[in-house]
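Numbering (our numbering), first residue to last: 105 to 441.
The block underneath contains the structure these notes are about, expressed in structure tokens.
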Ligand SMILES: [Zn+2]
Ligand SMILES: [Zn+2]
């Protein structure tokens, strides 16, 4: 069956890579696809999806258990450090890796960085790499229109129902993105096929690291258990809700300074919690920009991380929109409102 190129993304971006404007790469080129169907077989994919669904249910239970364990003993600074460290490590895997690098190609990086990003992102348990990027490219292609996997702005249901569907209800939908259509460039990468195939292992690693650290640092089994709860399961649950809020909250509440032809918004609270991903109107207006917080006051932890990576040679050819393009987009948005 011939591959069909997805249509253009929601907004036509214009970027600078150092000083040169670059073509859009939100939906990557298709010609590099190779025969790799055995690596993305449906049974494995269903299994990966079951892990994600399990991760939706288990964090609230883990939170209850952790609170019961902490009762009367206080909250251990070790657990706090494990929670924060794993949140940052795995969260940046999602934002730097799955989103800005794999999905939007907003910078280039060496092979070992690419593999590291794929693994730390998978430790967030938000679905395997191919599925996550395919869903997100589909979202950009059909943002707030039919075939958007998780829009709170389509359908005739009540506003609360549409919100809940866009937040996590869509995960239970049986319709899945066409991986060969949306991520042929990723499927053609041997390293990424390997990482994608071992998704359950990376999830287990993301649980094992805080468990072992908690146990070794405290020298107790109780420390291992609370490390698992805070640095593993509860961290995964909070990360899920923050990521889902980009899909739900950031398509309902916030400002739209740029023209993006959809309902994407800049939401400062999600902006901070989601490590910069909440500047979502900026992102829809300039999908391939490595920087989402475009104003000086729009804190974008992921952009800080990418800049730091560039200083030590872990990222190069970083794309950002030109000032002219931003001015034009702002002007169109203000004329429309
Ligand atoms: Zn969006
Ligand atoms: Zn995106």
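The beta-carbon is built from N, C-alpha and C at its ideal position, and this holds for glycine as well.
The structure presented is a predicted model; accordingly, all values stated were derived computationally and were not measured.
Please report the Cβ distance between residue i and residue j, rounded to the nearest whole angstrom; I am assuming they are in contact, meaning their Cβ atoms lie under 8 Å.
i: residue 332; j: residue 318; result: 7 Å
i: residue 272; j: residue 160; result: 6 Å
i: residue 394; j: residue 407; result: 7 Å
i: residue 276; j: residue 422; result: So it is not a contact: roughly 37 Å between Cβ atoms.
i: residue 326; j: residue 281; result: So it is not a contact: roughly 42 Å between Cβ atoms.
i: residue 48; j: residue 274; result: For the chain, the structure presents residues 105 to 441; residue 48 sits outside this window and is missing.
i: residue 399; j: residue 379; result: In fact, because the Cβ distance is near 17 Å, the residues do not count as touching under 8 Å.
i: residue 307; j: residue 227; result: 6 Å
For the alpha helix (DSSP H) that contains residue i, what are its first and last residues?
i: residue 435; result: 427-440
i: residue 403; result: No alpha helix (DSSP H) holds residue 403; DSSP gives it neither H nor E.
i: residue 363; result: Neither: residue 363 is in no alpha helix (DSSP H) and is coded neither H nor E.
i: residue 344; result: 339-351
i: residue 227; result: Neither: residue 227 is in no alpha helix (DSSP H) and is coded neither H nor E.
i: residue 321; result: 303-322
i: residue 182; result: 181-196
i: residue 372; result: 372-377
i: residue 175; result: From DSSP, residue 175 is part of no alpha helix (DSSP H); its letter is neither H nor E.
i: residue 237; result: 233-245
i: residue 258; result: Taken as a continuous stretch (DSSP letters only), residue 258 belongs to no alpha helix (DSSP H), as it is neither H nor E.
i: residue 325; result: 325-331
i: residue 284; result: 283-286
i: residue 389; result: 384-389
Would you mind working out which of the options sits nearest residue i, comparing C-alpha positions?
i: residue 430; options: 352, 351, 189 and 386; result: 386
i: residue 241; options: 256, 227 and 288; result: 288
i: residue 205; options: 231, 418 and 253; result: 418
i: residue 255; options: 371, 399, 351 and 422; result: 351
i: residue 390; options: 171, 266, 364 and 380; result: 364
i: residue 248; options: 355, 329, 267 and 381; result: 355
i: residue 304; options: 230, 238 and 396; result: 230
i: residue 349; options: 327, 381, 336 and 330; result: 381
i: residue 171; options: 334, 282 and 328; result: 334
i: residue 368; options: 413, 379 and 353; result: 353
i: residue 424; options: 415, 410 and 435; result: 410
i: residue 300; options: 234, 336 and 250; result: 234
i: residue 158; options: 397, 338 and 439; result: 338
i: residue 315; options: 166, 402, 306 and 336; result: 336
i: residue 403; options: 427, 415 and 370; result: 370
i: residue 154; options: 202, 165, 167 and 232; result: 232
i: residue 366; options: 165, 169, 415 and 246; result: 246
i: residue 392; options: 405, 290, 244 and 415; result: 244
i: residue 433; options: 188, 257, 388 and 308; result: 388
i: residue 397; options: 284, 306 and 372; result: 372
i: residue 270; options: 286, 167, 285 and 251; result: 251
i: residue 313; options: 265, 164 and 187; result: 187
i: residue 213; options: 329, 283, 416 and 163; result: 416
Give a yes or no on whether 7 Å exceeds the smallest Cβ distance from residue i to chain C.
i: residue 373; result: Protein chain content of the structure displayed is limited to a single chain, and chain C is not contained in it.
Original post:
Counting Cβ pairs closer than 8 Å, one from the region 217-230 and one from the region 281-299, do we hit at least three?
Top reply: yes
Original post:
With a cut-off of 8 Å, do at least 3 Cβ pairs link the region 354-363 to the region 173-189?
Top reply: no
Subject >> Below 6 Å from a heavy atom of ligand 2 - residues by beta-carbon >> reply: 203, 207, 208, 240, 244, 387 and 391
Subject >> Cβ contact check for the region 254-263 and the region 181-200: 3 or more pairs under 8 Å >> reply: no
Original post:
How do the region 185-203 and the region 336-343 stand: do at least 3 beta-carbon pairs fall below 8 Å, yes or no?
Top reply: yes
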